[in-house]
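One gets my numbering by counting positions in the sequence shown from 1 and adding 1 to each. Don't be surprised by glycine CBs; every beta carbon is placed ideally from N, CA and C.
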Amino acid sequence: MSSIPTLPGITSQMIQTARLNTHVLSAGSADDTAVLFIHGNTSSATFWEETMLTLPEGYFALAPDLRGYGDADPTAKIDATQGLRDVAEDMFALLDAFNIEQAHVVGNSLGGVVVWRMMEIAPERLLSVTQVAPGSPYGFGGTKDVDGTPTTADFAGSGAGLINPAVVQAIAAQDRSLENPMGLRGALRRLVYNPPFVPEREEDLLTAALSTHIGEQDYPGDKVASPNWPFVAPGVWGPNNALSPKYAGDVSQLWQIEPKPPVLWVWGEKDGAVSNTAVSDIANLGQLGYIHGYPGTEAYPPQPMIDQIRAVLHQYTAHGGQAKEVMLPGLGHVPYIEDLEQFNTVFHPFLAKSKK
Numbered sequence: 002m003s004s005i006p007t008l009p010g011i012t013s014q015m016i017q018t019a020r021l022n023t024h025v026l027s028a029g030s031a032d033d034t035a036v037l038f039i040h041g042n043t044s045s046a047t048f049w050e051e052t053m054l055t056l057p058e059g060y061f062a063l064a065p066d067l068r069g070y071g072d073a074d075p076t077a078k079i080d081a082t083q084g085l086r087d088v089a090e091d092m093f094a095l096l097d098a099f100n101i102e103q104a105h106v107v108g109n110s111l112g113g114v115v116v117w118r119m120m121e122i123a124p125e126r127l128l129s130v131t132q133v134a135p136g137s138p139y140g141f142g143g144t145k146d147v148d149g150t151p152t153t154a155d156f157a158g159s160g161a162g163l164i165n166p167a168v169v170q171a172i173a174a175q176d177r178s179l180e181n182p183m184g185l186r187g188a189l190r191r192l193v194y195n196p197p198f199v200p201e202r203e204e205d206l207l208t209a210a211l212s213t214h215i216g217e218q219d220y221p222g223d224k225v226a227s228p229n230w231p232f233v234a235p236g237v238w239g240p241n242n243a244l245s246p247k248y249a250g251d252v253s254q255l256w257q258i259e260p261k262p263p264v265l266w267v268w269g270e271k272d273g274a275v276s277n278t279a280v281s282d283i284a285n286l287g288q289l290g291y292i293h294g295y296p297g298t299e300a301y302p303p304q305p306m307i308d309q310i311r312a313v314l315h316q317y318t319a320h321g322g323q324a325k326e327v328m329l330p331g332l333g334h335v336p337y338i339e340d341l342e343q344f345n346t347v348f349h350p351f352l353a354k355s356k357k
């Protein structure tokens, strides 16, 4: 059972899979077609509850706490060198635990990167893919063009070193205040929800965010010094290092997979977290003067995250796949929380079209 209250209709339970023991939320009948929801960074399964409950009849919703988050086994760590492929394998193990052979998958932010990896590992198990403001397939930070070319040879400017220690301290202290500029309440309001939106369940979502596991093998992870600006490069543990392009692997595998599940990419016009000008992109912070010594846009341009995703999906369709892009005006990084009705008008028809 979760320490966070759940909405009526949501079942909360601990599930032991072949890979780890974790907390899982579900809704609907296990006999129906499965839809697996995968949360993002500093988050948990709690973020998906309303979306799960509004699925049409005939679907079974599942949302786990990923390793490193929520009520997942605290001894289960993310091996960053796997580029979140270990978390992707966790998702397949969860489906196995429920005797589910195939499922629709939905990912948000870091969860979207997990979904990219699932597509590479076992595309035949995916009935469809819905990517909601996903991270770039090339990772976060340290790339400079639509092809994911590294900005420096050691991928400086990506990984755990990007995380402000004051943010980690705020999570460790379970700081719920709005006054702390590095606290998660303010960060969620600025970077995740599009201001001035504040969700009705803000307290539960904040508790979920504060349940992120803290440490050098968790969040933020370890880091190494670099001779290249901003003088820090990725380590080998935790989610932020796993998002480094250093560990992304050969992204061209995505458009070579067979079979190719249909893909829906939904993103918010006002998303400040995944964007061509992401608020937390170290290059943008450098341009604004927040990070000393910025070498300029020629040496270290902002990462074109939206353009990277679009280019990958262009290749996906060019190689025989189906992909649809929908930008939702006025919404931020979690459009399914900010305007669930608008999100579902896109999401539900796509599910029905891709139904097993």
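Quiz item: Of the residues GLY297, GLY250, ALA31 and ASN22, which one's Cα is nearest the Cα of GLY149?
Solution: GLY250
Quiz item: What is the DSSP secondary structure of ASP80, counted as helix, strand or coil?
Solution: strand
Quiz item: Which of the three DSSP states, helix, strand or coil, is assigned to GLY149?
Solution: coil
Quiz item: From SER178, MET53, VAL267 and THR278, pick the residue whose C-alpha is nearest to that of MET328; which is it?
Solution: VAL267
Quiz item: Can you tell which of THR346, ALA274, LEU265 and PRO296 has its C-alpha closest to the C-alpha of TRP117?
Solution: LEU265
Quiz prompt | Cβ pair count under 8 Å reaching 3, the stretch 118-131 against the stretch 270-285 | solution = no
Quiz item: For TYR301, does the three-state DSSP call read helix, strand or coil?
Solution: coil
Quiz item: Which partner residues of TRP266 appear in the DSSP bridge assignment?
Solution: GLN132 and GLU326
Self-check item: Nearest-angstrom Cβ-Cβ length linking ILE39 and VAL107, presumed shorter than 8 Å
Solution: 7 Å
Quiz item: Would a C-beta distance cut-off of 8 Å place MET92 and LEU21 closer than the cut-off?
Solution: no
Practice problem: Could you tell me the boundaries of the beta strand (DSSP E) in which LYS224 lies? | Solution: 224-226
Quiz item: If you compare alpha carbons, which of THR346, LEU332 and PRO302 is closest to VAL199?
Solution: LEU332
Self-check item: Own chain partners of SER227 with C-beta closer than 7 Å, once the 5 adjacent residues on each side are dropped
Solution: ASP155, ALA157, VAL233 and ALA234
Quiz item: Relative to the alpha-carbon of GLY136, which residue among ALA300, LEU289 and VAL275 has its alpha-carbon at the smallest distance?
Solution: VAL275
Quiz item: Hey, which unbroken runs of the alpha helix (DSSP H) at 4 residues or more fall wholly within the stretch 174-207?
Solution: 185-188
Practice problem: With DSSP collapsed to three states, give me the class of GLN257. | Solution: coil
Exercise. Could you tell me the distance, in whole angstroms, from the CA atom of ASN195 to the CA atom of GLU203?
Key: 13 Å
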